[in-house]
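In the working numbering, the protein residues as written are 1062 to 1864.
Structure representation (structure tokens):
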């Protein structure tokens, strides 16, 4: 079978960020001849600045500015030499000041990203293991990737989930010397923090546990001498804790540093820490500014600055308490997050605030789950209380406007963030002059209506009734599907949207790379349900092709789609389903792409769909003539040369022995197909096929050789006959791999399928996905299709990405 081209994680990010850029809310440029910290100028408009991470405002402190200027005058713009050889004159003073602040050895790095890349491979030994909080900063996650090449296991847990962490520790402690848990001190989006008390307790219970904190957002505004959130919680840093701080953000300068209580470890890192050895050192101006900031931190003044900022944080909290704005985390950090749920609402809210004169940050994927889009607001000493009050007033006015424009409610937003979840009961009732029908069996849907709009699919009304009979009450849970049929009509009974969904347990790595799926399957030998989830999927795992009718010419099509998505979200909530997948849309349909992105879905490329859309030949001779020159050469070499080796039979049913063997051949194909990793179908499906008049079996048997004495068939195609639209659907395939390469069985099955559809006078053949290259050789057209996926959080995606 041909390999599948998989969706790249970065392509998905590019799509999402690109759409936000098109909306004018990211990748902006500040203007003007100077910056004050309180204001920003964007597109000729002056805005109050509520997006800085310089919470104490030290980047505008005259002492830091003058120190940087003086350093350039004395030492130049840079000192272009590795610190392994020599550091420029200001480094020693900064190292001494930071050591005084933290009362522990420190190592200065160019920035936190290079710092993590230098430190993590140096401190984590081959006999160690790593556990990541799934919201730990991207730079930490990336730095752990290179350790996989050394065989170091890197695992991931859900955000701040101490139960999962303890389970992982118990699993790893017998095999590894040290277990490193890596987390942020204060997280950059919601402003929540690591559960330090719980982590201290785990360290006492499990001495192997070592902690690695990135506390760049906890710096300066918290802790003794501004040493940060982590130091405030620890006071005296134990040897099994490593701490990364920053010289930028609140510190006001540039660079980062590691606090390392273990002096032997400190020496080893400093002697050879990758980027520490080979990267340029901080510029004299940055070091001088950091020295000036460190002097402020070491003086009583730092506590006055912290107090001033905290007063503004408390003031902002007090104002928010008087509103119904959905603050996602109640905390006393400078970071606040107002949830909007869907990206479209977030875009509009940010743009409205900018038009009103306030700059805030949009929180979007991958920093947060797509459906947890929101607005991050940061408070700094630059902000005046009058500015803060004006911002709250503006948010109170514009937030409901943004919700109204995107037909979203505050309750829906809260439910998307798991705040105040309410059970929703679906009903067939009008919504803005639209009528939603929801049924759980195809038999409740008018057969002519369904086939008129959805009969072109590889499964018409009869085909879906067949699937319900197999999967609705299957014996095993992994084969048991819920069926949901939706029709949204206008006031004149015209369908605008029609589709069906199935709820089913799926493998989270279904579309991951083959290497990742092989690794996960090894883990599933001990835990069969590892990395599996209940998914609400448009269509089903068995059906392919267009799974949804949308009349995009109708003036209310967007409202109709929103009505559908709201209904599906309600079902997901009641059934505790975490993921929704909208499947098999044309990749070039940019209208739907932008609509789904705005509604919180990310695009995932699917394997190409292959079809012969028009059978315009009458026999094998005219079929071969219709092929391109290259395909005819392929046909002669790889198909015609082997046709005489087979006996071809079209069977409406199989004997019991044949059916069992056909199932074994199906399993041979399925067990090798890691590119599209799904659960194997149950034997009951094939028994139902064998009894159903619309199913038939295209069987290949070798005509000579010892093979005939032992095995009843070499290959089989399981084919459905869509009588409504005259579509022939080869749904599944089985092959004996002991002979498949010798006799080119797969290619012969494709050819015989085409001949069978021709003999039946069918109009087209739906070959489905996978092996698109092979299908193109026999004349099929390959269409690029995509899915749109919405997940409750990014945990599973990041876990698989890190494997």
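We put the CB at the ideal spot given by N, CA and C, even for glycine.
query = What are the partner residues of residue 1781, as DSSP defines its beta bridges?
reply = In the chain shown, residue 1781 corresponds to position 720, counting from 1. Looking at the DSSP assignment, residue 1781 forms a beta bridge with 1756 and 1790.
Residue 1541: first and last residue of the uninterrupted beta strand (DSSP E) it sits in = Residue 1541 sits at position 480 when you count from the first residue of the chain shown. Note, residue 1541: premise wrong, no beta strand (DSSP E); not H, not E.
query = Would the C-beta of residue 1668 count as close to the ligand ATP, meaning under 6 Å from any of its heavy atoms?
reply = This structure simply doesn't include the ligand ATP, nor any ligand for that matter.
ask   = Excluding five sequence neighbours on each side, which residues of the same chain lie with their C-beta closer than 7 Å to the C-beta of residue 1080?
value = Along the chain shown, one-based indexing puts residue 1080 at 19. Around residue 1080: 1655 and 1658.
ask   = Buried or exposed: residue 1484, going by 16 or more other Cβ atoms within 10 Å of its Cβ?
value = On the chain shown, position 423 is the one that residue 1484 refers to. For residue 1484, the pLDDT reaches just 49, beneath the cut-off of 50, and the residue's location in the model is therefore unreliable, although a value from the coordinates is still provided. Its Cβ having fewer than 16 others within 10 Å, residue 1484 is exposed.
message = Going by beta-carbon coordinates alone, are residue 1569 and residue 1577 separated by less than 7 Å?
response = The residue labelled residue 1569 in the question sits at position 508 within the chain shown. The residue labelled residue 1577 in the question sits at position 516 within the chain shown. Between residue 1569 and residue 1577, the C-beta spacing is not below 7 Å.
key: Continuous alpha helix (DSSP H) stretch holding residue 1176: start and end   = As a working note, residue 1176 is residue 115 in the chain shown. Residue 1176 -> alpha helix (DSSP H) spans 1173-1184.
inquiry  = Determine, for residue 1662, whether the minimum Cβ-Cβ distance to residues of chain D falls below 7 Å.
reply    = Structure shown: chain D not included; a single protein chain is present.
Extent of the continuous alpha helix (DSSP H) run through residue 1201 = Translated into positions along the chain shown, residue 1201 becomes position 140. Residues 1199-1206.
ask   = In angstroms, rounded to a whole number, what distance separates the CA positions of residue 1443 and residue 1105?
value = The residue labelled residue 1443 in the question sits at position 382 within the chain shown. The residue labelled residue 1105 in the question sits at position 44 within the chain shown. Straight-line Cα distance between these residues: approximately 21 Å.
ask   = Per DSSP, what kind of secondary structure is residue 1764 in: helix, strand or coil?
value = Your numbering for residue 1764 matches position 703 in the chain shown. It is coil, neither helix nor strand.
query = From 1322, 1810 and 1586, pick the residue whose C-alpha is nearest to that of residue 1295; which is it?
reply = Counted from its first residue, the chain shown places residue 1295 at position 234. Ranking 1322, 1810 and 1586 by Cα distance to residue 1295 puts 1322 first.
task = Can you tell me the Cβ-Cβ gap for residue 1155 and residue 1352, rounded? I've got them flagged as a contact below 8 Å.
result = On the chain shown, position 94 is the one that residue 1155 refers to. On the chain shown, position 291 is the one that residue 1352 refers to. Contact flag correct, Cβ pair sits at about 5 Å.
request  = For the beta strand (DSSP E) holding residue 1306, just list the boundary residues, first then last.
outcome  = Here residue 1306 is taken as the residue at index 245 of the chain shown, counted from 1. Judged by DSSP secondary structure, residue 1306 falls within the beta strand (DSSP E) whose first and last residues are 1302-1307.
Identity of the residues DSSP links to residue 1599 by a beta bridge = Taking the first residue of the chain shown as position 1, residue 1599 is located at position 538. DSSP, once it has assigned bridges, lists 1562 as partnering residue 1599.
message = Whole angstroms are fine: how far does the CA of residue 1213 sit from the CA of residue 1391?
response = Numbered from 1 along the chain shown, position 330 holds the residue referred to as residue 1391. Numbered from 1 along the chain shown, position 152 holds the residue referred to as residue 1213. Taking C-alpha positions only, residue 1391 is separated from residue 1213 by approximately 37 Å.
ask   = Beta carbon of residue 1347, beta carbon of residue 1173: below 7 Å?
value = Position 286 of the chain shown, counted from the start, is the residue given in the question as residue 1347. Position 112 of the chain shown, counted from the start, is the residue given in the question as residue 1173. In this structure, residue 1173 does not lie closer than 7 Å to residue 1347 by Cβ.
ask   = Where does residue 1557 fall in DSSP's three states?
value = Here residue 1557 refers to the residue found at position 496 when the chain shown is read from its first residue. DSSP, read as helix, strand or coil, puts residue 1557 in strand.
ask   = Got a sec, what are the start and stop residues for the beta strand (DSSP E) residue 1422 sits in?
value = The residue given as residue 1422 occupies position 361 in the chain shown. In the DSSP assignment, residue 1422 falls within the unbroken beta strand (DSSP E) covering 1422-1424.
message = Pop quiz: residue 1395 and residue 1109 are said to be a contact at Cβ under 8 Å. What is the actual Cβ separation, rounded to whole angstroms?
response = To locate residue 1395, count along the chain shown from 1; it is residue 334. To locate residue 1109, count along the chain shown from 1; it is residue 48. With a beta-carbon spacing of about 15 Å, residue 1395 and residue 1109 fall beyond the 8 Å limit used to define contacts.
message = Can you check which of these residues, 1314, 1667, 1565 and 1713, is closest to residue 1533 by C-alpha distance?
response = For the purposes of this step, residue 1533 is taken as residue 472 along the chain shown, with counting starting at 1. Considering only 1314, 1667, 1565 and 1713, the residue with the shortest C-alpha distance to residue 1533 is 1565.
ask   = So what does residue 1271 bridge to, in DSSP terms?
value = On the chain shown, residue 1271 is found 210 positions in, with the first residue counted as 1. BP columns for residue 1271 point to 1241.
message = Restricting to Cα atoms, I'd like to know which of 1384, 1529, 1664 and 1787 is closest to residue 1516.
response = Locating residue 1516 in the chain shown gives position 455, where the first residue counts as 1. Cα-wise, what sits closest to residue 1516 is 1787.
query = Could you give the residue range of the alpha helix (DSSP H) that holds residue 1377?
reply = Numbered from its first residue, the chain shown carries residue 1377 at position 316. The continuous alpha helix (DSSP H) containing residue 1377 extends over residues 1362-1382.
message = So, does the region 1691-1707 touch the region 1727-1739, judging by three or more C-beta pairs under 8 Å?
response = Contact between the region 1691-1707 and the region 1727-1739 is absent, because fewer than three Cβ pairs lie under 8 Å.
task = Give me the Cβ distance between residue 1397 and residue 1252, rounded to the nearest whole Å; I'm assuming they're in contact under 8 Å.
result = Residue numbering aside, residue 1397 sits at position 336 when the chain shown is read from its first letter. Residue numbering aside, residue 1252 sits at position 191 when the chain shown is read from its first letter. In this structure, residue 1397 and residue 1252 form a Cβ contact; the two beta carbons are roughly 6 Å apart against a cut-off of 8 Å.
task = Using 10 angstroms around the beta-carbon of residue 1093, count the other beta-carbons present and answer buried if the total reaches 16, otherwise exposed.
result = One-based indexing of the chain shown puts residue 1093 at position 32. With fewer than 16 other Cβ atoms within 10 Å, it is exposed.
query = Whose C-alpha, out of 1166, 1145 and 1243, is nearest the C-alpha of residue 1190?
reply = In the chain shown, counting from the first residue as 1, residue 1190 sits at position 129. Selected option, being the one with the closest Cα: 1243.
ask   = How is residue 1260 classed by DSSP in three states: helix, strand or coil?
value = What you label residue 1260 is simply residue 199 of the chain shown in a count that begins at 1. In the structure shown, residue 1260 sits in a helix (DSSP, three-state: H, G or I).
task = Assign residue 1458 to buried or exposed, taking buried as 16 or more other Cβ atoms, counted over all protein chains shown, within 10 Å of its Cβ.
result = What you label residue 1458 is simply residue 397 of the chain shown in a count that begins at 1. It counts as exposed.
ask   = Looking at the structure shown, is residue 1188 part of a helix, part of a strand, or coil, going by DSSP?
value = By one-based count along the chain shown, residue 1188 stands at place 127. Note: residue 1188 maps to coil in three-state DSSP.
ask   = Where do the ends of the alpha helix (DSSP H) carrying residue 1620 lie?
value = For the purposes of this step, residue 1620 is taken as residue 559 along the chain shown, with counting starting at 1. Its alpha helix (DSSP H) spans residues 1618-1636.
query = Can you list, in chain order, the residues of its chain whose CB lies under 7 Å from that of residue 1714, leaving out five sequence neighbours each side?
reply = One-based indexing of the chain shown puts residue 1714 at position 653. Same-chain partners within the cutoff: 1751.
request  = Using three-state DSSP, classify residue 1102 as helix, strand or coil.
outcome  = Within the chain shown, residue 1102 is the residue found at index 41, counting from 1. Looking at residue 1102 - three-state DSSP - the assignment turns out to be strand.
N- and C-terminal bounds of the alpha helix (DSSP H) containing residue 1712 = If you number the chain shown from 1, residue 1712 lands on position 651. Residue 1712 -> not in any alpha helix (DSSP H); beta strand (DSSP E) instead, spanning 1707-1712.
key: Residue environment, residue 1030, which counts as buried when at least 16 other CB atoms sit within 10 Å   = Absent from the structure is residue 1030, since the part of the chain shown begins at 1062 and ends at 1864.
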